[in-house]
Each structure stands twice: as C-alpha cells, then as structure tokens.
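Participant: Protein chains in written order, with my numbering: chain L, 1 to 114; chain F, 1001 to 1118. Beta carbons: idealized from backbone N, C-alpha and C, even for Gly. From a predicted model like this one, the values you see are computed outputs, not experimental measurements. The structure follows.
Here is the structure:
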C-alpha cells in the first residue's frame, strides 16, 4: 500500500506568487489533516477535511490560505501571494475516519519563499 | 485547551547511553490519545507509538520504552543503548478522541533534538 503522498517535496516561490501543495491520502482514507512546521518549531494544526467538506479550519490563517479535498483527486493546500513568513514545511496526514488509527503522515512539502 | 510540553530542547548523549525524553500534557478530555513521532534529518515524520488514555501499561519495543503516568500527565520516552541513528527530533503529541472513536487533530510539543555522539 502506498503511504500518504505529498508533492512537490520542495517548492520555491517568489514573493507574491501562488503555492499549491498536493496531498494524496492513503488508499481508503477519507480524512485529511494539514499541519505547518515553521523552522525549529513543532507542527501546528491548520485544517481538517473530509471528502468535499472542511470540518475544522481553526488553524488556518484568515487570509491567503485555502484548502480543499474534492470528491476525486488529491487534497490541495493553496497559498496565495506568498510572503517570506510562509516558508515552512507543510505536512499532510490521513486517516480512515471510522475507527481510530494513528495519523499517517506524508513526507512533507518544504516551501521556500524568496 | 490542549497543550503538550517538551521541556528539553536539546539533549546530547554518547552512544550506548540510555536517554529519556520528557513529555507533559494538559487536557480536559477524559479520553485522549498520546503519540511519539521521530523526525530524522531527512525531514519526514515517523510514527513510533500511540497510547490510549485508558491504557496505562508501559510499553517496550526493542530499545524503545514508554512510561505513561496519568497521575502526573506525563508520557516519557526512553531509548536504551542509544545509537547514532537515533539522532533526530522527537515530538510528543496529543489528540482528543471523539465519541465515534475517530481522532481529531494532533497537538504537538515543540520537540526535543536528540544528538547521539559516536
């Protein structure tokens, strides 16, 4: 079974550009979580999605950030008009959402804003 | 609100020494889950263990062992006979449990950088 797949692994954007980060959950998993890890910090929850629904976005910045998890295809975390402070590692985790299981994390996308 | 504290920012040990990483948590939930993750220099997050709040049995897996003490809200992690390959950042995390049994988001500690010297 393939694990949680994130791409790209590394992304460089100039200030003002858009960043799109993709997450394909494990097969059979319909719940996706996005976390952000700022340099030398722990991971901070951003958003929790089920297929076609945002369940909890309490950790998302109010502006420029959005997330979706369409019926078909990967979950997308979109950052518009990136700034230097957006430079971080973004991790995605998935779970089946029926019985509890540990959250399976992808390898992360490292975003660098120059 | 939930909170996880890893007071040790950095620890250095010499190979073959035992090392314990501390984790203290706060939650108002009666049912919750505790985790440890390892983040090696390559950056990915490696799951190590999940513990249910109802299960206070200590666990051992090879050189790794975990001590869950509900009375002190601690979930400490010990590596016995450490090796250079154990060098990584280790994160403790907490999650509430929903009525359905599904877990919600994780609250992470700030991590402990472990360096094992040869």
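Secondary structure at residue 1101(F), three-state DSSP: helix, strand or coil?
Facilitator: The residue you call residue 1101(F) lines up with position 101 of the second chain. For residue 1101(F), the predicted model reports a pLDDT of 49, less than 50, meaning its position is unreliable; a value from the coordinates is still stated below. Reduced to three states, the DSSP call for residue 1101(F) is coil.
Participant: Quickly, what does DSSP pair residue 1045(F) with across the bridge? List them, please.
Facilitator: The residue given as residue 1045(F) occupies position 45 in the second chain. According to DSSP, which records beta bridges pairwise, residue 1045(F) is partnered with nothing at all.
Participant: Listing by chain order, which chain F residues have their CB less than 7 Å from the CB of residue 50(L)?
Facilitator: As a working mapping, residue 50(L) is identified with position 50 in the first chain. None at all; the shortest Cβ gap to chain F is about 10 Å.
Participant: Taking the alpha-carbon positions, what's the residue 1093(F) to residue 61(L) distance?
Facilitator: Taking the second chain and counting its residues from 1, one reaches residue 1093(F) at position 93. Taking the first chain and counting its residues from 1, one reaches residue 61(L) at position 61. Near 22 Å, if we compare the C-alpha coordinates of residue 61(L) and residue 1093(F).
Participant: Please list, in chain order, the chain F residues whose beta carbon lies closer than 9 Å to that of residue 107(L).
Facilitator: The residue labelled residue 107(L) in the question sits at position 107 within the first chain. Chain F residues near residue 107(L): 1042, 1043, 1044 and 1045.
Participant: Would you give the residue range spanned by the beta strand (DSSP E) that residue 56(L) belongs to?
Facilitator: Working through the first chain from its first residue, we reach residue 56(L) at position 56. Segment 53-56, the beta strand (DSSP E) holding residue 56(L).
Participant: Is residue 1027(F) close to chain L, meaning its C-beta is less than 9 Å from at least one C-beta of that chain?
Facilitator: Residue 1027(F) sits at position 27 when you count from the first residue of the second chain. Not one chain L Cβ lies under 9 Å of residue 1027(F).
Participant: For residue 1004(F), count neighbouring Cβ atoms within 10 angstroms of its own Cβ and tell me buried if that reaches 16, exposed if not.
Facilitator: In the second chain, the residue the question calls residue 1004(F) occupies position 4. With 16 or more other Cβ atoms within 10 Å, it is buried.
Participant: Count the other CB atoms, across all protein chains shown, that sit within 10 Å of the CB of residue 70(L); report buried if there are 16 or more and exposed otherwise.
Facilitator: For the purposes of this step, residue 70(L) is identified with residue 70 of the first chain, where counting begins at 1. Exposed: under 16 other Cβ atoms inside 10 Å.
Participant: Find the residues of chain F that neighbour residue 91(L), judging by a C-beta separation of less than 8 Å, and give them in chain order.
Facilitator: Counting from one through the first chain, the residue named residue 91(L) turns up at place 91. Simply 1045.
Participant: State the DSSP-derived secondary structure class of residue 27(L), mapped to helix, strand or coil.
Facilitator: Looking up residue 27(L) in the first chain gives position 27. In the structure shown, residue 27(L) sits in coil (DSSP, three-state: anything other than H, G, I, E or B).
Participant: Return no unless some Cβ of chain F is closer than 9 Å to the Cβ of residue 67(L).
Facilitator: Walking along the first chain from the start, residue 67(L) turns up at place 67. Taking Cβ atoms only, chain F never reaches closer than 9 Å to residue 67(L), which makes this a no.
Participant: Answer with yes or no whether the minimum CB distance from residue 88(L) to chain F is below 9 Å.
Facilitator: Position 88 of the first chain, counted from the start, is the residue given in the question as residue 88(L). It does not: the Cβ of residue 88(L) has no partner Cβ on chain F nearer than 9 Å.
Participant: Can you confirm whether residue 85(L), when its beta carbon is compared against all beta carbons of chain F, has any partner nearer than 9 Å?
Facilitator: Here residue 85(L) is taken as the residue at index 85 of the first chain, counted from 1. By this cut-off, residue 85(L) is not an interface position.
Participant: Please classify residue 1041(F) as buried or exposed, where buried requires at least 16 other C-beta atoms within 10 Å of its C-beta.
Facilitator: Residue mapping note: residue 1041(F) aligns to position 41 of the second chain, counting from 1. Under this definition residue 1041(F) is an exposed residue.
Participant: Is the Cβ of residue 111(L) closer than 9 Å to any Cβ of chain F?
Facilitator: Position 111 of the first chain holds residue 111(L). Answer no: the Cβ-Cβ gap between residue 111(L) and chain F never drops below 9 Å.
Participant: Hey, quick one: how far does the beta strand (DSSP E) through residue 111(L) stretch, first residue to last?
Facilitator: To locate residue 111(L), count along the first chain from 1; it is residue 111. 109-113 is the extent of the beta strand (DSSP E) around residue 111(L).
Participant: One question on the structure: do residue 1050(F) and residue 1033(F) come within less than 9 Å of each other, judged by their Cβ atoms?
Facilitator: Working through the second chain from its first residue, we reach residue 1050(F) at position 50. Working through the second chain from its first residue, we reach residue 1033(F) at position 33. Yes.
Participant: Beta-carbon of residue 42(L) versus every beta-carbon of chain A: anything under 9 Å?
Facilitator: Of the chains in the structure shown, none is chain A; the protein chains are L and F.
Participant: Do you know offhand how far residue 1019(F)'s Cα is from residue 1080(F)'s?
Facilitator: On the second chain, position 19 is the one that residue 1019(F) refers to. On the second chain, position 80 is the one that residue 1080(F) refers to. Taking the straight line from one Cα to the other gives about 7 Å.
Participant: Give me, in chain order, the residues of the same chain whose beta-carbon lies closer than 6 Å to that of residue 1060(F); leave out the 5 immediate sequence neighbours on both sides.
Facilitator: Taking the first residue of the second chain as position 1, residue 1060(F) is located at position 60. Result list for residue 1060(F): empty, nothing under 6 Å.
Participant: Output the distance between the C-alpha atoms of residue 25(L) and residue 6(L), rounded to the nearest integer angstrom.
Facilitator: Sequence index remark: in the first chain, residue 25(L) carries index 25 (1-based). Sequence index remark: in the first chain, residue 6(L) carries index 6 (1-based). Answer to the nearest angstrom: the Cα atoms are 9 Å apart.
Participant: Say the cut is 8 Å; is the CB of residue 1058(F) nearer than that to a heavy atom of the ligand HEM?
Facilitator: Looking at this structure, you won't find the ligand HEM or any other ligand, since it has none at all.
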